[in-house]
Every structure is written in structure tokens, then in C-alpha cells.
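There are 2 protein chains.
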Amino acid sequence: MSDKITVLLVDDHALVRRGFRRMLEDDETLSVVGEASDGAEGVKLAKELKPDVIVMDCQMPVMNGLEATRKILDANIGSAILMLSMHSEDTLVKQALEAGARGYVLKEALDLDLAGAIKNVAAGQTVLDPKVAKPQALKGERESGLTPRELEILQYIVAGKSNKEIASELELSANTVAVHRANIMDRLGIHKTAELVVYAIRNGLVNLP
Amino acid sequence: MSDKITVLLVDDHALVRRGFRRMLEDDETLSVVGEASDGAEGVKLAKELKPDVIVMDCQMPVMNGLEATRKILDANIGSAILMLSMHSEDTLVKQALEAGARGYVLKEALDLDLAGAIKNVAAGQTVLDPKVAKPQALKGERESGLTPRELEILQYIVAGKSNKEIASELELSANTVAVHRANIMDRLGIHKTAELVVYAIRNGLVNLP
DNA sequence: CTGTTCGCGTGACATTTGTCACGGATTTAC
DNA sequence: GTAAATCCGTGACAAATGTCACGCGAACAG
Numbered sequence: 126m127s128d129k130i131t132v133l134l135v136d137d138h139a140l141v142r143r144g145f146r147r148m149l150e151d152d153e154t155l156s157v158v159g160e161a162s163d164g165a166e167g168v169k170l171a172k173e174l175k176p177d178v179i180v181m182d183c184q185m186p187v188m189n190g191l192e193a194t195r196k197i198l199d200a201n202i203g204s205a206i207l208m209l210s211m212h213s214e215d216t217l218v219k220q221a222l223e224a225g226a227r228g229y230v231l232k233e234a235l236d237l238d239l240a241g242a243i244k245n246v247a248a249g250q251t252v253l254d255p256k257v258a259k260p261q262a263l264k265g266e267r268e269s270g271l272t273p274r275e276l277e278i279l280q281y282i283v284a285g286k287s288n289k290e291i292a293s294e295l296e297l298s299a300n301t302v303a304v305h306r307a308n309i310m311d312r313l314g315i316h317k318t319a320e321l322v323v324y325a326i327r328n329g330l331v332n333l334p
Numbered sequence: 126m127s128d129k130i131t132v133l134l135v136d137d138h139a140l141v142r143r144g145f146r147r148m149l150e151d152d153e154t155l156s157v158v159g160e161a162s163d164g165a166e167g168v169k170l171a172k173e174l175k176p177d178v179i180v181m182d183c184q185m186p187v188m189n190g191l192e193a194t195r196k197i198l199d200a201n202i203g204s205a206i207l208m209l210s211m212h213s214e215d216t217l218v219k220q221a222l223e224a225g226a227r228g229y230v231l232k233e234a235l236d237l238d239l240a241g242a243i244k245n246v247a248a249g250q251t252v253l254d255p256k257v258a259k260p261q262a263l264k265g266e267r268e269s270g271l272t273p274r275e276l277e278i279l280q281y282i283v284a285g286k287s288n289k290e291i292a293s294e295l296e297l298s299a300n301t302v303a304v305h306r307a308n309i310m311d312r313l314g315i316h317k318t319a320e321l322v323v324y325a326i327r328n329g330l331v332n333l334p
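Chains A and B, in that order, are what the protein sequence lines are. Note that our numbering has the first sequence beginning at 126, numbered continuously upward. Note that our numbering has the second sequence beginning at 126, numbered continuously upward.
Structural data, given as C-alpha cells:
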């Protein structure tokens with residue numbers, strides 16, 4: 126343990142990764158041992174490298190940060206995961222923590238000490254951005270969380286499928302799909318497809334088609 | 126002109142800005158003189174600082190990169206603008222260049238030499254990411270292809286307004302709005318609101334509500 | 001001047017959407 | 001056990017959407 130803390134960077138933007146690497150590389154106690162550009166690759170590298178800490182972007186193509194986090198936790202690698210996100214929505218924070226992330230910080234945090242946060246999660250601490258560190262976010266309840274089925278439907282909606290198409294692909298009645306749609310909007314306090322799509326994209330609920 | 130090239134960074138993510146700053150600060154010929162976190166602030170700082178080059182993110186809250194670029198060009202400051210984007214859609218590249226950007230590079234460019242790109246645009250060159258450097262993108266023709274009225278309607282749609290609401294705010298028949306909607310989708314080869322919203326957001330056709 | 005194109009507007013109508021009321025299967029709380 | 005809460009499913013129906021055919025005036029080419 127007197128060794129350096131090993132870090133894996135997972136972010137879809139190479140430029141961002143490079144920036145982080147630079148920010149970390151002059152800290153003698155840290156060592157960036159790998160980079161991945163999407164969730165799937167992140168999981169693969171995590172298994173190979175078994176880093177102490179994984180810095181994971183939330184929104185990514187192929188497999189988003191939440192998914193990847195779950196997969197990595199399931200694999201029992203023992204890495205602590207520090208989630209980076211653009212959004213401060215409680216729902217997302219909650220989901221991240223439930224997925225097993227050990228920290229959640231916002232990209233727009235002005236004075237984020239990334240190295241410090243990494244050390245803290247490596248030490249077993251939970252690190253939350255002040256903006257999201259509401260105690261309520263830690264207590265488990267369901268916020269505006271959608272059910273798996275609903276998320277599935279939402280994905281199809283954003284991809285531009287009609288209720289009928291979704292129904293046929295999922296072998297359901299079109300009515301059923303319509304009701305799922307309605308329930309999703311209910312929880313979100315939304316009444317129109319357009320709003321729904323904006324919300325889904327903004328909050329990274331879906332992988333963009 | 127033998128002085129350093131002055132640079133203004135405009136990006137909504139503080140962490141990203143800091144990364145860029147680090148990448149640039151060991152180049153002796155460049156000097157980052159300011160940072161802004163949204164388009165509006167970018168315009169303001171541009172007027173104050175009159176930097177040689179402005180590195181501008183495309184997607185930002187308050188005022189997006191395109192808008193900001195136009196405003197800055199209008200103000201006749203003489204700064205060259207290098208647009209950073211996540212998307213390689215032709216439409217966007219075109220819009221950026223028409224707005225007056227001197228360069229367009231993708232954030233995910235693996236080996237982007239940001240410093241080099243900055244020097245080039247400072248020297249008056251146009252810098253395009255290889256992925257988007259199709260000659261067709263340079264020839265002026267269709268913009269987004271949408272008429273002003275259609276863009277106006279689109280803005281309302283993405284904001285979650287119904288045809289009826291739009292009609293009343295614009296003092297039109299609901300039918301008319303519906304037809305505008307149809308025409309927009311026609312030109313874009315789209316048939317559903319959901320797809321339309323995704324497209325509009327992706328290509329920066331609208332200011333997100 | 002004349003014909004053509006294009007932006008903007010309209011009403012009518014088929015399709016898709018958003019809502020309603022309801023049932024069965026599970027899970028959790030008492 | 002029973003009751004309450006969820007999740008998933010259904011049909012029926014009103015409201016919004018997507019498409020149709022069409023008129024009007026302005027801009028432009030001949």
C-alpha cells in the first residue's frame with residue numbers, strides 16, 4: 126500500500142482524458158495506468174489492470190458510466206469508482222451511488238481537487254460534490270427513478286420509434302407501450318414527447334441513437 | 126506581433142478548461158489570458174481582452190458557441206475563433222464556418238495538437254479536423270435548410286409546446302403550425318417529434334430550454 | 001409581362017399520442 | 001394471513017401529431 130495509487134481514466138473524449146492525465150501526473154502518489162474511451166472498454170481494462178481508483182465519466186457511448194460501474198462492481202475487482210458527471214440531479218447521484226460509485230463530482234466544479242478526491246475514495250471515503258451532497262441523496266428511496274422496462278421504452282422513444290413499432294419489437298400491445306410512455310411522463314411531470322426527449326438527453330438517461 | 130499569442134478559453138466545464146490551460150501553458154508562444162464558462166461571458170470577455178484566438182466550445186448553456194461566435198464577429202474584435210465540438214455533422218461545421226469560426230476541431234480527436242491549431246488560426250489559416258474536412262462543407266449552399274419561420278417553430282417544439290400553444294403565441298391556426306412542423310421534418314427526412322428533437326439538439330439548431 | 005419557384009398560410013382527415021379505468025403477479029409491511 | 005404498494009399488461013377514447021390538397025403574394029428568370 127505504500128505504492129502509488131493506480132488510476133484508470135474512462136471518458137469518451139481523448140482531449141479530456143489527456144487533460145486529466147496532465148493534472149494528475151505531477152502528483153507523486155498517483156499513477157495513471159490506463160485510459161478507456163467508453164464503458165465497455167473501461168470494464169475490460171478494469172479487469173486487466175485492477176486499478177485502485179477508476180475515474181469514470183457518466184455519459185459515454187456504447188456503455189454509460191452507470192452500467193460500467195455495475196459491471197465492474199459485479200466483477201469484484203475491488204476498485205473504487207469516482208463518477209464524473211455534468212449533472213447534479215439527485216436521481217443521477219442516487220443511481221450512481223446505488224450502482225456502487227464511491228464518489229460523485231461535477232465536471233463544472235470550479236476548484237475541484239481531482240487528485241485529492243481520488244486519494245479520498247482510494248482511502249475508502251465517499252466523496253460528494255458539495256452541490257450534490259444533500260443527505261437526502263444518500264438515503265435510499267426512489268426519486269424519479271424509472272423502472273427497467275420504462276427505461277427500455279424510453280430508449281426506443283428517443284430513437285424515434287412509434288408506439289406501434291416498439292410494441293412489435295417488444296411483442297406487446299401498442300396500448301401497453303403508450304401507457305409506459307404515459308407513466309414515464311407522469312413521474313417526470315412531463316406531457317409531451319418533445320420535452321421527454323430533451324429531458325432524457327439532458328440527464329443521460331439514454332444512449333443517443 | 127512578436128508577442129505571445131493571447132488565448133481565451135470558452136467552455137462550460139471548468140475541469141475541461143483547466144485541462145486545456147495545462148496543455149497550453151508550457152508552450153512559450155501562447156498565453157491563456159482568460160476563461161469563460163458560457164457564451165455570454167465569452168462575448169463579454171472577448172470584448173474586454175481582445176485575444177488573438179478564442180477557443181470556443183460548441184455546446185454551452187446560456188448562449189451556445191455559434192451564437193457567441195456571431196456576436197463576437199459582429200463586435201469586430203478581430204479575434205480568430207477556433208470551434209471545439211463533439212459532433213462531426215456537416216450541418217454544424219457549415220454553421221460554424223458561416224458564423225465566422227476560423228477552425229473546427231473535434232473534441233474526440235485523438236492526437237489533436239491544440240497548440241498547433243491555435244497557432245494556425247492565429248496565422249489566418251482555416252483549421253478543420255480531418256474528419257470534417259470535406260470540401261463540400263466549405264461551399265456555401267443550404268444552411269440547416271430551414272426557413273426563419275421554421276426555425277422559430279422548431280424552437281417552440283423543442284421547448285415542449287404543442288401546436289395549439291404555438292399557434293396561439295404566434296397568432297396562427299394550429300393547422301399552419303402543424304404544416305410547418307411537417308415541412309421541417311420533410312426537409313430533414315424525419316417523421317417523428319422524438320427524432321426531430323434529437324436532431325435539433327445534436328445540431329445546435331435551437332437554444333435548449 | 002408571364003411563368004416558376006418559394007415562403008407562409010389554411011382546412012380536412014388519417015395516424016399517433018396521451019389518458020382513463022382496470023386486472024393479475026410480486027413484493028413488502030403489518 | 002391480509003393489506004398496500006409496485007410493476008407490467010390490456011382496451012377504449014380524446015387530444016395532438018403527421019399528411020393531404022390547395023390559395024396567396026413576393027422574388028426571380030425568361
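All residues carry an ideal CB built from backbone N, CA and C; glycine is no exception.
A direct Cα-to-Cα measurement between residue 330 of chain A and residue 190 of chain A gives close to 11 angstroms.
Runs of the alpha helix (DSSP H) spanning 4 or more residues and lying entirely within the segment 142-190 of chain A occur at 164-174, in chain order.
Under the three-state reduction of DSSP output, residue 272 of chain A falls in the coil class, being neither helix nor strand. The shortest CA-to-CA distance from residue 166 of chain A to any of A:136, A:178, A:155, A:157 is the one to A:136.
Here residue 293 of chain A carries a helix assignment [DSSP, helix/strand/coil]. With a threshold of 16 other beta carbon atoms within 10 Å, residue 312 of chain B falls short and is exposed. Per DSSP, residue 211 of chain B lies in no beta strand (DSSP E) and is assigned neither H nor E. For residue 132 of chain B, the enclosing beta strand (DSSP E) stretches over residues 130-135. A residue is called buried when at least 16 other Cβ atoms come within 10 angstroms of its Cβ; residue 273 of chain A does not meet this threshold and is exposed. Comparing C-alpha distances from residue 185 of chain B to each of B:150, B:178, B:142 shows the shortest one belongs to B:142.
Bridge pairing for residue 285 of chain A: absent [DSSP]. With 16 or more other Cβ atoms inside 10 Å of its own Cβ, residue 196 of chain A counts as buried. Residues of chain A whose Cβ lies closer than 7 angstroms to the Cβ of residue 320 of chain B are, in chain order, 285. When secondary structure is reduced to three states using DSSP, residue 246 of chain B falls in the helix class. For residue 147 of chain B, the chain A residues whose C-beta falls within less than 7 angstroms of its own C-beta are 144, 147, 148, listed in chain order. DSSP places residue 231 of chain A within a strand segment (E or B) once states are collapsed to three. When C-alpha distances from residue 156 of chain B are compared across B:171, B:232, B:129, B:287, the shortest belongs to B:129. Annotation for residue 311 of chain B: the continuous alpha helix (DSSP H) segment containing it runs 299-313. In the three-state reduction of the DSSP assignment, residue 226 of chain B falls in the coil class, being assigned neither a helical nor a strand state. Relative to the Cα of residue 168 of chain B, the nearest Cα in the group B:150, B:198, B:302 belongs to B:198.
Residue state for residue 203 of chain A is assigned as coil, using DSSP reduced to three classes. With a beta-carbon spacing of about 6 angstroms, residue 200 of chain B and residue 172 of chain B fall inside the 8 angstroms limit used to define contacts. The alpha carbon of residue 225 of chain A has as its nearest neighbour, out of A:231, A:301, A:153, A:178, the alpha carbon of A:178. Spanning the alpha carbons of residue 162 of chain A and residue 153 of chain B requires a straight line of approximately 31 angstroms. Here the alpha carbons of residue 138 of chain B and residue 278 of chain A stand approximately 31 angstroms from one another.
DSSP places residue 330 of chain B outside both helix and strand once states are collapsed to three, so it counts as coil. At a cut-off of 8 angstroms between C-beta atoms, residue 140 of chain A counts as an interface residue with respect to chain B. Between the alpha carbons of residue 194 of chain B and residue 304 of chain A lies a gap of roughly 44 angstroms. Burial is judged here by how many other beta carbons sit within 10 angstroms of a residue's own beta carbon; residue 228 of chain B has at least 16 and is buried. Taking all protein chains shown into account, residue 203 of chain A has fewer than 16 neighbouring C-beta atoms within 10 Å of its C-beta and is therefore exposed.
Residue-level contact check: residue 289 of chain A does not touch chain B, since none of the beta carbons of chain B fall below 8 angstroms from its beta carbon. As the crow flies, the alpha-carbon of residue 297 of chain A is around 10 angstroms from that of residue 288 of chain A. Rounded to the nearest whole angstrom, the CA to CA distance from residue 243 of chain B to residue 133 of chain B is 11 angstroms.
Residues of the segment 160-172 of chain B with a Cβ closer than 8 angstroms to any Cβ of chain A, in chain order: 162.
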